[in-house]
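For reference, the structure discussed in these notes is given below.
Protein chains: 2
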Amino acid sequence: MPPQRKGASESRGGKREQLVSAACGLFHQQGVAATTLADIADRSGVPLGNVYYYFKSRDDIVAAVVGARSREIQDLGALLEKRHRSPKARLKALVSMVADQREAITAYGCPYGTLCADLVSPHDDSSRSLAAGLMQSLVAWTEQQFQEMGRRDARALALELVALYQGGAVVASALGDPDVLAQQARRMQRWLDSIEA
Amino acid sequence: MPPQRKGASESRGGKREQLVSAACGLFHQQGVAATTLADIADRSGVPLGNVYYYFKSRDDIVAAVVGARSREIQDLGALLEKRHRSPKARLKALVSMVADQREAITAYGCPYGTLCADLVSPHDDSSRSLAAGLMQSLVAWTEQQFQEMGRRDARALALELVALYQGGAVVASALGDPDVLAQQARRMQRWLDSIEA
DNA sequence: GTCTATAAAACGATAGAC
DNA sequence: GTCTATCGTTTTATAGAC
Chain A
1 MPPQRKGASE SRGGKREQLV SAACGLFHQQ GVAATTLADI ADRSGVPLGN
51 VYYYFKSRDD IVAAVVGARS REIQDLGALL EKRHRSPKAR LKALVSMVAD
101 QREAITAYGC PYGTLCADLV SPHDDSSRSL AAGLMQSLVA WTEQQFQEMG
151 RRDARALALE LVALYQGGAV VASALGDPDV LAQQARRMQR WLDSIEA
Chain B
1 MPPQRKGASE SRGGKREQLV SAACGLFHQQ GVAATTLADI ADRSGVPLGN
51 VYYYFKSRDD IVAAVVGARS REIQDLGALL EKRHRSPKAR LKALVSMVAD
101 QREAITAYGC PYGTLCADLV SPHDDSSRSL AAGLMQSLVA WTEQQFQEMG
151 RRDARALALE LVALYQGGAV VASALGDPDV LAQQARRMQR WLDSIEA
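In order, the protein sequences belong to chains A and B.
For the record, in the first sequence the residue sitting at position 10 is 10 according to the numbering used here, with numbers rising by one throughout.
For the record, in the second sequence the residue sitting at position 177 is 177 according to the numbering used here, with numbers rising by one throughout.
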């Protein structure tokens, strides 16, 4: 077994986490299918053959990356809940963060959206459910904010907000134009303002 | 040179077109990076080695597919212009077609959007400009419709409509739920209705 | 636990017979 | 023009020394 459980010697070098972190970045920049184990090993400073000490297959790394991205969403949600009292303020802060990161998103697309798209392509069932779970993480947090606003149509509103973001990310990255995403973020802010609590 | 120019013996079997057609479908279903030349050759009924009689490299096939998808957009635009007099009716008909094809779009994503995303991933310049050109084809036709409606903000409106579509496609395919796309199409119809000519 | 070496298969691309 | 056979490389995955 790798570095025991998540106890003491977990981060002795934390090579497993380094591998996941490197894979996260490479999957975002190059796509899942185009990223090789050698790429991940190189960036992690781990010898190629040693990767199989931490993961039993390539698909295992993909699953670990999806888990990491999902936790990333949870953490971001928790941060926003700590920083802002009202759910609407949280959603507006989220959109504001998107606008701030428009350069990175334009360069490589939304980290969550492109990962989901890469996981949908193989018509493998287990891969598709990973994509569904990841997207659901994003929608679920958004939905909860609308629920706390007292909206019965929270799910529909959440799907709309996430779709607005994903659409902006796809078009902006395809055109290579961050202004598209900035404009879309402004639209999202206005749309949020128009939602009655 | 392959089958001469685009003259008489162009479609003697039309194997080049069969290859492009097969690649179109496979790129949509599996993604560009995950599709091998053997996949394309198999589906085309062309021997693997023979692919290089029609294309000098794999990248050449990718470029040909982008060209075919771009022509597809032109043809669809021309069809809508023939069928509907007013630009608004054309846009509404386009959204209606999206709703009708929601099953296929949910299964594999938007053929144009996912192709663009696959072309953005390699930080290769020529690949990125292919993505930009393809997305621009989609936006340009939409923009022209808004222009014919007399709108000065035609570009912004076009970007918004395309982003609404792409966002719906990403979320629907990630969740594997066609209803998300159907709902999004209804929103797009209402949004179009609210646009003053 | 960590690393090197390498097996086994898949892939892009080429050569050359017909 | 069409097809088969194959080269050289890359990629996933394993074996085994330390």
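For every residue, glycine included, the Cβ atom is placed at its ideal position computed from N, Cα and C.
Owing to the predicted nature of the structure, the values given are computational and were not obtained by experimental measurement.
Roughly how many angstroms lie between the CA atoms of residue i and residue j, to the nearest whole one?
i	j	result
residue 119 of chain B	residue 156 of chain A	31 Å
residue 81 of chain B	residue 63 of chain A	46 Å
residue 14 of chain A	residue 67 of chain B	46 Å
residue 212 of chain A	residue 109 of chain B	Nothing can be reported for residue 212 of chain A: it is not among the residues displayed for chain A, which extend from 1 to 197.
residue 146 of chain B	residue 158 of chain B	7 Å
residue 185 of chain B	residue 55 of chain B	39 Å
residue 96 of chain B	residue 165 of chain B	11 Å
residue 49 of chain B	residue 30 of chain B	22 Å
residue 27 of chain A	residue 35 of chain A	6 Å
residue 190 of chain A	residue 93 of chain A	13 Å
residue 160 of chain B	residue 52 of chain B	41 Å
residue 188 of chain A	residue 133 of chain B	26 Å
residue 65 of chain A	residue 84 of chain B	48 Å
residue 37 of chain B	residue 58 of chain B	7 Å
residue 140 of chain B	residue 98 of chain B	18 Å
residue 175 of chain A	residue 124 of chain B	14 Å
residue 162 of chain B	residue 79 of chain B	19 Å
residue 91 of chain A	residue 171 of chain B	18 Å
residue 122 of chain A	residue 61 of chain A	16 Å
residue 4 of chain A	residue 177 of chain B	Note on residue 4 of chain A: pLDDT 49, under 50, position unreliable in the model; no value is reported.
residue 129 of chain B	residue 73 of chain A	31 Å
residue 77 of chain B	residue 86 of chain A	45 Å
Output yes if chain A places a C-beta closer than 9 Å to the C-beta of residue i; else output no.
i	result
residue 92 of chain B	no
residue 168 of chain B	yes
residue 77 of chain B	no
residue 201 of chain B	Any question about residue 201 of chain B goes unanswered here, given that chain B covers just 1 to 197.
residue 163 of chain B	yes
residue 171 of chain B	yes
residue 152 of chain B	no
residue 180 of chain B	yes
residue 139 of chain B	yes
residue 128 of chain B	yes
residue 108 of chain B	yes
Does the CB of residue i have a neighbour CB from chain B at under 9 Å?
i	result
residue 122 of chain A	yes
residue 159 of chain A	yes
residue 144 of chain A	no
residue 135 of chain A	yes
residue 175 of chain A	yes
residue 101 of chain A	no
residue 34 of chain A	yes
residue 118 of chain A	yes
residue 66 of chain A	no
residue 9 of chain A	Residue confidence for residue 9 of chain A is low, a pLDDT of 42 falling below 50, so the modelled location carries little weight and cannot support an answer.
residue 22 of chain A	no
residue 190 of chain A	no
residue 13 of chain A	no
residue 131 of chain A	yes
Flag residue i as yes when its Cβ comes closer than 8 Å to any non-hydrogen atom of the ligand ZN, and as no otherwise.
i	result
residue 187 of chain A	For the ligand ZN, the structure offers nothing, since it holds no ligand at all.
For residue i, which residues in the same chain have their Cβ closer than 7 Å to its Cβ, ignoring the five residues on either side in sequence?
i	result
residue 202 of chain B	Absent from the model: residue 202 of chain B. The displayed extent of chain B is 1 to 197, so no value can be given.
residue 154 of chain A	143, 146 and 147
residue 201 of chain A	Summary: the structure shown does not reach residue 201 of chain A, with chain A confined to residues 1 through 197, and so no result is reported for it.
residue 126 of chain B	none
residue 39 of chain B	26
residue 22 of chain A	40, 43 and 44
residue 8 of chain A	Below a pLDDT of 50, predicted positions are generally treated as unreliable, and residue 8 of chain A, at 38, falls in that range; the measurement from the model is reported next regardless. So the list is empty, once near-sequence residues are dropped.
Kindly list the residues whose CB is nearer than 8 Å to the CB of residue i, restricted to its own chain and excluding five residues on each side of it in sequence; keep chain order.
i	result
residue 88 of chain B	145, 149, 192, 195 and 197
residue 25 of chain A	43
Grab me the residues of residue i's own chain with a C-beta within less than 6 Å of its C-beta, minus the 5 sequence neighbours each way, in chain order.
i	result
residue 173 of chain A	106 and 109
residue 135 of chain B	116
residue 70 of chain B	134 and 137
Ranges of the beta strand (DSSP E) found wholly within the segment 51-77 of chain A, counting only runs of at least 3: none
Meets three-Cβ-pair contact criterion under 8 Å: the segment 181-191 of chain B and the segment 97-104 of chain B: yes
Three CB pairs or more closer than 8 Å across the segment 15-28 of chain B and the segment 39-48 of chain B: yes
Every unbroken alpha helix (DSSP H) within the segment 79-140 of chain B, with a cutoff of 4 residues, ordered by chain: 87-100, 102-108 and 111-120
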